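Here's the structure, in structure tokens; my notes come after.
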Amino acid sequence: MVKTKKRILTLSIIVPIYNEEESIPAFYDKIKSLSFLTPINILLYFIDDGSTDNSVSIIKKITCKDDKVHYVVFSRHFGKEAAIYAGLQHSCGEYVAVIDVDLQDPPELLPKMIKMITEEQWDVIGTRRINRGKKYKIRSFFSNLFYKMINLVSDSQLVPGERDYRVMERKVVDSILLLSESQRFSRGIFSWVGFRTKYLTFENVDRVKGKTSWTFLGLMKYAVDGVVSFSTIPLTFVILIGLLSFSLSVLGAIFVVVRAILDKNSSIAGWASMITILLFISSIQLLSLGVIGKYISAIFLETKQRPIYIKRESK
Ligand code: UDP
Ligand code: MG
2 MVKTKKRILT LSIIVPIYNE EESIPAFYDK IKSLSFLTPI NILLYFIDDG
52 STDNSVSIIK KITCKDDKVH YVVFSRHFGK EAAIYAGLQH SCGEYVAVID
102 VDLQDPPELL PKMIKMITEE QWDVIGTRRI NRGKKYKIRS FFSNLFYKMI
152 NLVSDSQLVP GERDYRVMER KVVDSILLLS ESQRFSRGIF SWVGFRTKYL
202 TFENVDRVKG KTSWTFLGLM KYAVDGVVSF STIPLTFVIL IGLLSFSLSV
252 LGAIFVVVRA ILDKNSSIAG WASMITILLF ISSIQLLSLG VIGKYISAIF
302 LETKQRPIYI KRESK
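Residues in the sequence shown are numbered consecutively from 2, following our numbering.
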């Protein structure tokens, strides 16, 4: 009787790192302890996004003693989106996962996600964070507003609380890599490529160590760039506002002419309202210019066709 050898599947885990010297050891230990719970062969890819602390030397130390750990170090800070892209490019094996290093994306979910993707018909197992608690009330409010807005204006739908934390089949990764735009909004790209996706939910946990590198303004910019890269509806909206204010101004003009004919002394009385209207119109014009400018800047950055990241070294 010929024995058939069971093929061992491989999962590459991509971990973007930006100044995370405090979180890396705990994360590595956690993943190692979990790797015994699943039959799959787990490879780790630390992508250093230009850290200025000791992250790189910590990663290199781990790589020396564990040949299942690889790294890519960027020449400077390129952002998390670029780190994810680099990770997807370097990954190998049948499955690829993306996870944060700060243990806010619970690694305990991984065995379950691996089991589901290998045994069920799903192409992607994604995750959603629920219950951010009172501490993050304002952030949660803006985050919900962002999801509502982007789902309203764009073709591809995002699930509220959706994280980058996910496990994907190779074919999904290959499709994502086809989208080589330099202004990347990963969650939109994940949704745009489609595939059968199942979402698992998890309760929010606070960071173990270190602090988030996102500022409120940074998140706002991320949201605006997300909308600009996935929808042109704001431009249509600008045209609609233009049409509306034009109609109002025609009505206003008719009103002024009729009033001037009926009451000869009335012309001086409307000064305040005239200034208000003038300010209103010019602010709409500036706003529209801003919206158009955002799209032009997106075109400008895209036409340069610069690489998404530059790597200093890798292993
Ligand atoms: N990160 C990155 N580049 C950045 C910001 C963050 O590679 O410019 C990494 C970071 O090291 C972490 C993950 O992305 O592994 C999520 O970052 P963070 O915890 O700051 O974000 P949040 O949890 O608030 O979404
Ligand atoms: Mg975090």
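The C-beta atom is built at its ideal place from N, Cα and C for all residues, glycine as well. Just so we're clear, the structure is a prediction, and the values are computed from it rather than from any experiment.
**Report entry** Short Cβ contact (8 Å threshold) for Leu12 with Ile32
**Finding:** One thing to note: Leu12 has its Cβ no nearer than 8 Å to the Cβ of Ile32.
Report task. Check each candidate in Val229, Ser141, Phe196 and Ser284 and name the one with the smallest Cα separation from Gly127. Result -> Nearest Cα to Gly127 within the set Val229, Ser141, Phe196 and Ser284: Phe196.
Query raised in the report: Whose CB is closer than 6 Å to a heavy atom of ligand 1? List the residues in chain order.
Result: Working through the chain, the matches are Pro17, Ile18, Tyr19, Glu21, Asp50, Gly80, Lys81, Ala84, Asp101, Val102, Asp103, Gln105, Thr213, Ser214 and Trp215.
Query raised in the report: Cβ atoms of Asn20 and Ser214: under 8 Å apart, would you say?
Result: Against a cut-off of 8 Å, the Cβ pair of Asn20 and Ser214 comes out as a contact.
Query - C-alpha gap between Ile48 and Ile278, whole angstroms - result: Cα to Cα, the separation comes out at about 53 Å.
Query raised in the report: From Lys138 to Gly94, what does the alpha carbon distance come to, in whole angstroms?
Result: One C-alpha to the other measures close to 40 Å.
Query - Proximity of Gly162 and Arg129 at Cβ, strictly below 8 Å - result: When the beta-carbon positions are compared, Gly162 and Arg129 come within less than 8 Å of each other.
Query - DSSP beta-bridge partners of Asp49 - result: For Asp49, which the question treats as bridged, DSSP gives the partners Ile18 and Val74.
Report task. Starting from the Cα of Val229, find the closest Cα among Ala299, Met169 and His71 and give me that residue. Result -> Ranking Ala299, Met169 and His71 by Cα distance to Val229 puts Ala299 first.
Query - Through-space distance from Leu89 to Pro107, alpha-carbon basis - result: The straight-line gap from Cα to Cα measures roughly 20 Å.
Requested in this report: Going by CA-CA distance only, name the one from Phe281, Gly253, Glu170 and Val239 that's closest to Trp123.
Outcome: Of the candidates Phe281, Gly253, Glu170 and Val239, the one whose C-alpha sits nearest the C-alpha of Trp123 is Glu170.
Report task. With distances taken Cα to Cα, identify the nearest neighbour of Lys295 among Lys222, Arg307 and Phe143. Result -> For Lys295, the closest alpha carbon among the candidates Lys222, Arg307 and Phe143 is that of Lys222.
Query - Local Cβ density within 10 Å of Glu82, reported as buried at 16 or more and exposed below that - result: Looking at its Cβ environment, which holds 16 or more other Cβ atoms inside 10 Å, Glu82 is buried.
Query raised in the report: Can you round the beta-carbon distance between Pro17 and Ile85 to whole angstroms, since I take them to be within the 8 Å contact cut?
Result: Indeed they touch by this definition, with Cβ atoms about 6 Å apart.
Report task. Tell me whether Lys31 sits in a helix, a strand or coil according to DSSP, three-state version. Result -> DSSP places Lys31 in helix when its eight states are reduced to three.
Query raised in the report: With respect to 7 Å, is the separation between the Cβ of Arg208 and the closest non-hydrogen atom of ligand 2 below this value?
Result: Correct: Arg208 has its Cβ closer than 7 Å to ligand 2.
Query - Buried versus exposed, by CB contacts within 10 Å (16 or more), Ile25 - result: Ile25 is buried by the Cβ-count criterion.
Query raised in the report: Just to confirm, are Lys305 and Ser76 a CB contact at a threshold of 8 Å?
Result: Cβ distance not < 8 Å, so Lys305 and Ser76 don't count as in contact.
Report task. Check whether the stretch 56-63 touches the stretch 234-254, counting contact only when three or more Cβ pairs, one atom from each stretch, lie closer than 8 Å. Result -> With the cut-off at 8 Å, the stretch 56-63 and the stretch 234-254 do not touch.
**Report entry** Opening and closing residue of the alpha helix (DSSP H) in which Ile85 lies
**Finding:** If you look at Ile85, you'll find it in the alpha helix (DSSP H) that goes Lys81 to His91.
Query raised in the report: What is the residue span of the beta strand (DSSP E) that Ile126 lies within?
Result: Run containing Ile126: Val125 to Ile131, per the beta strand (DSSP E) assignment.
Query raised in the report: How many Å lie between Gly227 and Ile151 at the Cα?
Result: Their Cα atoms are separated by approximately 8 Å.
**Report entry** Cross-strand partners of Ile43 (DSSP beta bridge)
**Finding:** Note: Ile43 sits in a beta bridge opposite Leu12.
Query - Per DSSP, the bridge partner or partners of Lys199 - result: Beta-bridge pairing links Lys199 to Ile126.
Query raised in the report: When you compare each of Phe37, Lys149 and Asp207 to Asp101 by their alpha carbons, which one comes out closest?
Result: The candidate whose alpha carbon is nearest that of Asp101 is Asp207.
**Report entry** Selected residue, minimal CA-CA separation from Lys316, among Tyr166, Asp67 and Ser183
**Finding:** Of all alpha-carbon atoms in Tyr166, Asp67 and Ser183, the one lying nearest the alpha-carbon of Lys316 is that of Asp67.
Report task. Following the continuous beta strand (DSSP E) through Ser250, name the residue where it begins and the one where it ends. Result -> Not the beta strand (DSSP E): Ser250 falls in the alpha helix (DSSP H), residues Ile234 to Leu263.
Report task. From the DSSP output, in three-state form, read off Asp226 for me. Result -> In this structure, Asp226 counts as helix in the three-state DSSP scheme.
Query raised in the report: Tell me, which residues are paired with Val99 by DSSP?
Result: Ile15 and Arg167, per the DSSP bridge assignment.
Query raised in the report: With a CB to CB cut of under 8 Å and the five nearest residues on each side skipped, what residues in its chain are close to Lys199?
Result: Closer than 8 Å at Cβ, skipping near neighbours: Met117, Glu121, Trp123, Val125, Ile126 and Gly127.
Query raised in the report: Span of the alpha helix (DSSP H) holding Ser141?
Result: Segment Lys138 to Val154, the alpha helix (DSSP H) holding Ser141.
Requested in this report: Starting from Asp313, trace the beta strand (DSSP E) both ways and give me its first and last residue.
Outcome: According to the sequence as given, residue 313 is Arg; it is not Asp. Start and end: Lys312 to Ser315.
Query - Residues near Ser181 in its chain [Cβ-Cβ closer than 8 Å; skip 5 each side] - result: Closer than 8 Å at Cβ, skipping near neighbours: Ile309.
Requested in this report: Let me know if Asp30 comes out buried or exposed under the rule of 16 or more other beta-carbons within 10 Å of its beta-carbon.
Outcome: Its Cβ having fewer than 16 others within 10 Å, Asp30 is exposed.
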